[in-house]
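Written below as structure tokens is the structure these notes are about.
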Amino acid sequence: MGANAAIELKNITKTFGSVVANKDVCLTVNRGEILSILGENGSGKTTLMNMISGIYYPDSGHIFIDGKEVVIRSPRDAFDYKIGMIHQHFKLVDVFSAAENIVLGLDEKDKFNIKRSAAKIKEISEQYGFEIDPMKKIYEMSVSEKQTVEIIKVLYRGADILILDEPTAVLTPQETQKLFAILRRMRDDGKAIIIITHKLHEVLSLSDRVAVLRKGEYIDTVNTAETNEAELTEMMVGKKISLNIERGEPKDPTDRLVVKNINCVSREGVKLLDDVSFTARSGEILGIAGIAGSGQRELLEAIAGLQHLENGEILYNNPKTGTHDNLRDKTPMQIRDLGVRLSFVPEDRLGMGLVGNMDIVDNMMLRSYRKGHSMFLERKSPKSLAEKIIEQLEVVTPSASTPVRRLSGGNVQKVLVGREIAASPTVLMAAYPVRGLDINSSYTIYNLLNEQKEKGVAVIFVGEDLDVLIELCDRIMVIGSGRITGIVDGRSTTKEEIGLLMTKTQREENGGAL
Amino acid sequence: MENHEKHIREPFFHIAKRDTVVWWLAWLIRIASVAAALIVCAIVTVLLTGENPIQVYITMIDGAIGTERRIWGLLQNTAMLLCVSLAVTPAFKMKFWNIGAEGQVLVGGLATAACMILFGDKLPLIVLMPLIIAASIVAGAVWALIPAIFKAKWNTNETLFTLMMNYIAIQLVSFFTYQWSVPKGSGQIGVINQDTRAGWLPEIGDNDYLINILIVAALTFAMYVYLKYSKHGYEISVVGESENTARYIGINVKKVIIRTMLLSGAICGIAGLLLVSGTDHTITRDTAAGRGFTAIMVSWLAKFNPLVMIFTALLIVFLEKGAIEISTIFGLNAAFSEIITGIIIFFIIGSEFFINYTIKFRKSKGGAAQ
Chain R
1 MGANAAIELK NITKTFGSVV ANKDVCLTVN RGEILSILGE NGSGKTTLMN
51 MISGIYYPDS GHIFIDGKEV VIRSPRDAFD YKIGMIHQHF KLVDVFSAAE
101 NIVLGLDEKD KFNIKRSAAK IKEISEQYGF EIDPMKKIYE MSVSEKQTVE
151 IIKVLYRGAD ILILDEPTAV LTPQETQKLF AILRRMRDDG KAIIIITHKL
201 HEVLSLSDRV AVLRKGEYID TVNTAETNEA ELTEMMVGKK ISLNIERGEP
251 KDPTDRLVVK NINCVSREGV KLLDDVSFTA RSGEILGIAG IAGSGQRELL
301 EAIAGLQHLE NGEILYNNPK TGTHDNLRDK TPMQIRDLGV RLSFVPEDRL
351 GMGLVGNMDI VDNMMLRSYR KGHSMFLERK SPKSLAEKII EQLEVVTPSA
401 STPVRRLSGG NVQKVLVGRE IAASPTVLMA AYPVRGLDIN SSYTIYNLLN
451 EQKEKGVAVI FVGEDLDVLI ELCDRIMVIG SGRITGIVDG RSTTKEEIGL
501 LMTKTQREEN GGAL
Chain D
515 MENHEKHIRE PFFHIAKRDT VVWWLAWLIR IASVAAALIV CAIVTVLLTG
565 ENPIQVYITM IDGAIGTERR IWGLLQNTAM LLCVSLAVTP AFKMKFWNIG
615 AEGQVLVGGL ATAACMILFG DKLPLIVLMP LIIAASIVAG AVWALIPAIF
665 KAKWNTNETL FTLMMNYIAI QLVSFFTYQW SVPKGSGQIG VINQDTRAGW
715 LPEIGDNDYL INILIVAALT FAMYVYLKYS KHGYEISVVG ESENTARYIG
765 INVKKVIIRT MLLSGAICGI AGLLLVSGTD HTITRDTAAG RGFTAIMVSW
815 LAKFNPLVMI FTALLIVFLE KGAIEISTIF GLNAAFSEII TGIIIFFIIG
865 SEFFINYTIK FRKSKGGAAQ
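Protein sequences, first through last, are from chains R and D. In this text, residue positions in the first sequence follow the numbering used here: the first is 1, and each later residue adds one. In this text, residue positions in the second sequence follow the numbering used here: the first is 515, and each later residue adds one.
Shown next as structure tokens:
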């Protein structure tokens, strides 16, 4: 194996304060191979790759490239060793074209000769099967096109060791297949490819070998052909867990929230929601699937009273009073004053749902601090609520007075979901509630959502993992470019059907143009 | 070959983020930084002036607390700086960059002076004093309200707006000092109502500064409670930390901005009142004396905790007073004392970096160290 090892890591350790991100990690990647790095969030995958690409510097350990020890101090050093990383969050200049972004920062003499660069880009695209227009501006591009630009950027620089950090997180199933085909072609071309992911089925279908990390420690590397999902999960989590979500039948569902023909337009005049109508029923989980940024956020925020709508109505059937209230264009305060018990777990947990610098108690208070006529705060009941949530949801924290930004992603989410559920809602909206969570925490959240469903709450769940949506939801509504492209039954649908619905509007538009 | 070796070499040091620091280590770092600052200042002193640095420091301390009069002066100046710092704190905590405290203090002072001059011998004291207090508070509050409304309604940049309001306030004061100057045309107001003392804050015992100090002490405590235990204070923190969260839980962000700036301006108005009616008994363009800007530093250094601000304000006034004494005693120009103050404050602020980060040096192994 040593003969064609492109990159070899020996005993790499990296700590941040008292947090050990990587401990004695050893890893080998060969040329002409795709290696998956598998691990839960917080297991140190990205940190490890950042050390190879020169963003972090390891506390100790050695890196060998083609058998020679090297020191990578900056991204420029990494580039000299032909290492290219495609980050999870794209680093592109919006107003520049693809070609301009690709040559940006290059030390070439005639880098401003965009025509020549475009020709070279074309050449690379043809070699590996990319579809790209070098002159297209980034802001006109879809997420998958942007990713293509990022990949070509590193290839253009001559990289032959490629690192991709969770490349499929933002792609539809169809786009993922396309990307995988390209990666296989690169592998056959002799490049070493490292792909970071936590999606098991992708690991199995794409990679040659899998390296597993758990809590910063290197567990093992196995040949993909000789392993299976259960074994990998066990390596990743450290114990056997069942991957089944219990889905009960909805109990006498009634219409709780009726959304009729709502439209929403951004400040720039772009339609964010286009004639959206649907009904959320009590006692069921309504899933919302779609490519990220298709209007999911605006839809939930419109219901929560945070988004101005052009027209349409959002009717809430109050189970207590039997009245039908229109929530459209009401503020969150007015909605609460109507007696609507609406809970909302937003996508941006620390930027919207919680205040990162405040402790758990003060975050509990966000919903309830107005109670009473006193000018002063009452911290007793939020404190006992905080302690209750810490105990019941097994939140790992030094104390209830720890700032929430110090907690891990899963614990942050437990605090947020715990608070929202504590308000005993009749409608519960959750946007990507398991994003960035480890498997155990994810299942805690699924169970909490199921519990709420059994209590007769109308649950709206925006998710990105189609496998989970299909397992968890009673009905799945698909949204594409702000339009509802279909509502399917969670028990009988397939991933392919949802994937097709996700891109339906795009294809219609393209078809119309031809 | 040389080039290749360079590549193999580890960087000499790299910076890593610390985990939470125990309080005693944080204070040790702070004390060490002050010590380091004093050493650097000593070197600079010797190099630039040839004076004995120990002597310079003794002079500095003497300048700040050498006599009873100086101690009272120190306390009075600390109280005034603290008062303005208290005013900017709620705004800064809300991330509303109010750098217009200077102007808000000035218009507060101007309102006070106006009442004293125009009504000093016309109204009985029992009417005059409440009028002065109300006028100064309203003037300061209005000066802060204008940028707040523009920020809330049209999202204008409050930094530029409040800064510009300072210049308007200064020119207003210039205009009225000319209008009311004694004797006419001299451009100076002089001591207002020197004989009648109408509109002067009363002395307690025979100490003219004590009332100012007591008022500011009460304000400090009230601000501490307001920020930490009141619903308003909580809303200020939420808006400051994340406007999105505030919207999400239904806080009326515009209302909070306007309410908080009214409070900020009102306290600046009080500072103007204390300066004009309590100590100076006159008004000039320099009545605020840059406190509106120094206050920002006091507030930040104390991380917006009013009780800690007592110490940061004291430290800065102490340094200023000491520095002035150095320049007079040693016949150095005023710039030198500011160099000293600057070095010390630089080190104090710099210590925060070492509290949050640690520097790891390359482990020397074999010949790699050199």
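Quick reminder that beta carbons are idealized off the backbone N, C-alpha and C, glycines included.
Under the Cβ distance rule, residue 47 of chain R does not count among the residues neighbouring chain D, no pair being separated by less than 8 Å. Here residue 445 of chain R is not near residue 412 of chain R, since their CB atoms are 8 Å or more apart.
Under the Cβ criterion (8 Å, minimum of three pairs), the region 595-613 of chain D does not count as touching the region 634-649 of chain D. Contact between the region 212-230 of chain R and the region 43-52 of chain R is present: 3 or more CB-CB pairs across the two stretches fall below 8 Å. Uninterrupted alpha helix (DSSP H) stretches at least 4 residues long and entirely within the region 103-179 of chain R occur at 114-128 and 143-156, given in chain order. For residue 821 of chain D, the enclosing alpha helix (DSSP H) begins and ends at 820-843. Beta bridge pairing from DSSP links residue 244 of chain R with no other residue. Straight across, the Cα-Cα distance linking residue 400 of chain R with residue 363 of chain R is about 10 Å. Per DSSP, residue 310 of chain R has no beta-bridge partner at all. The beta carbon of residue 210 of chain R is closer than 6 Å to those of 36, 38, 203, 222 and 224 in its chain, skipping five residues each way along the sequence. Between residue 262 of chain R and residue 276 of chain R, the gap from beta carbon to beta carbon is short of 8 Å. Among the CB atoms of chain R, one or more fall inside 8 Å of the CB of residue 758 of chain D.
If you ignore the 5 residues before and after residue 141 of chain R, its C-beta comes within less than 6 Å of no other C-beta in its own chain.
Shown here for residue 59 of chain R: same chain residues with a beta carbon closer than 8 Å to its own, the five before and five after excluded, namely 13, 14 and 15 in chain order.
Of the other Cβ atoms in all chains shown, 16 or more fall within 10 Å of the Cβ of residue 657 of chain D; this residue is therefore buried. Within the region 325-336 of chain R, those residues whose Cβ lies closer than 9 Å to any Cβ of chain D are, in chain order, 331, 332, 333, 334, 335 and 336. Chain R places no beta carbon closer than 8 Å to that of residue 813 of chain D, leaving this residue out of the contacts.
Residue 147 of chain R counts as buried, since at least 16 other C-beta atoms from the protein chains shown sit within 10 angstroms of its C-beta.
Taking C-alpha positions only, residue 801 of chain D is separated from residue 820 of chain D by approximately 23 Å.
Secondary structure note for residue 329 of chain R: it is in no beta strand (DSSP E), with a DSSP letter that is neither H nor E. Within the same chain, and ignoring the five residues on either side of residue 199 of chain R in sequence, the residues whose Cβ sits closer than 7 Å to its Cβ are 168.
Unbroken alpha helix (DSSP H) runs of no fewer than 4 residues, entirely contained in the region 741-799 of chain D, are found at 745-755, 757-762 and 767-787, following chain order. With respect to chain D, the C-beta atom of residue 273 of chain R has no partner C-beta closer than 8 Å. Under the 8 Å criterion on CB atoms, residue 353 of chain R is classed as interfacial with respect to chain D. For residue 475 of chain R, DSSP records a beta bridge to R:286 and R:489. DSSP places residue 8 of chain R inside the beta strand (DSSP E), whose first and last residues are 5-16. Residues of chain D whose Cβ lies closer than 8 Å to the Cβ of residue 306 of chain R are, in chain order, 761 and 762. Look at residue 346 of chain R: its C-beta is under 8 Å from a C-beta on chain D. For residue 799 of chain D, the closest of D:704, D:655 and D:852 by C-alpha to C-alpha distance is D:704. Judged by DSSP secondary structure, residue 428 of chain R falls within the beta strand (DSSP E) whose first and last residues are 427-431.
Cβ neighbours of residue 540 of chain D within its own chain (closer than 6 Å, five residues either side excluded): 869. Taking 8 Å as the CB threshold, residue 128 of chain R stays off the interface with chain D. Contact annotation for residue 369 of chain R against chain D: 745 and 748 [CB-CB distance below 7 Å, chain order]. Every alpha helix (DSSP H) of 4 residues or more that sits fully in the region 520-604 of chain D is shown, in chain order, as 537-563 and 567-579. Under the Cβ distance rule, residue 357 of chain R counts among the residues neighbouring chain D, one pair being separated by less than 8 Å. Below 8 Å, too few C-beta pairs join the region 758-771 of chain D and the region 623-639 of chain D to call them touching: fewer than three.
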